[in-house]
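S.K.: Quick note on numbering: the UniProt record's numbering labels position 27 of the sequence shown as 27, and the sequence is numbered without any gaps. Beta carbons: idealized from backbone N, C-alpha and C, even for Gly.
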Amino acid sequence: MRLSRPEALEIDGDTFGEATAFNAWVVPGGLTVRVPAEHPLAA
Numbered sequence: 001m002r003l004s005r006p007e008a009l010e011i012d013g014d015t016f017g018e019a020t021a022f023n024a025w026v027v028p029g030g031l032t033v034r035v036p037a038e039h040p041l042a043a
């Protein structure tokens, strides 16, 4: 991603400085999201 100006960057919730560009990727199955059973998105 490229940004028009420097923006704050966090990695795993830790401040990492500022950046104008960065690369990111998704690891399939790498994140578990839990929601209450009554939530509309609950499976």
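Identify the continuous beta strand (DSSP E) that holds PRO6 and give its terminal residues.
M.R.: Position 6 of the sequence shown, counting from 1, holds the residue named residue 6. Unbroken beta strand (DSSP E) run through PRO6: 2-11.
S.K.: Kindly indicate the opening and closing residues of the beta strand (DSSP E) around GLU18.
M.R.: In the sequence shown, residue 18 corresponds to position 18, counting from 1. Run containing GLU18: 14-21, per the beta strand (DSSP E) assignment.
S.K.: Find out if the Cβ-Cβ distance for the pair LEU3, THR20 is shorter than 8 Å.
M.R.: The sequence position of residue 3 within the sequence shown is 3, counting from 1. The sequence position of residue 20 within the sequence shown is 20, counting from 1. A contact, by the Cβ cut-off of 8 Å.
S.K.: Are the Cβ atoms of ALA42 and PRO36 separated by less than 8 Å?
M.R.: Working through the sequence shown from its first residue, we reach residue 42 at position 42. Working through the sequence shown from its first residue, we reach residue 36 at position 36. Cβ distance < 8 Å, so ALA42 and PRO36 count as in contact.
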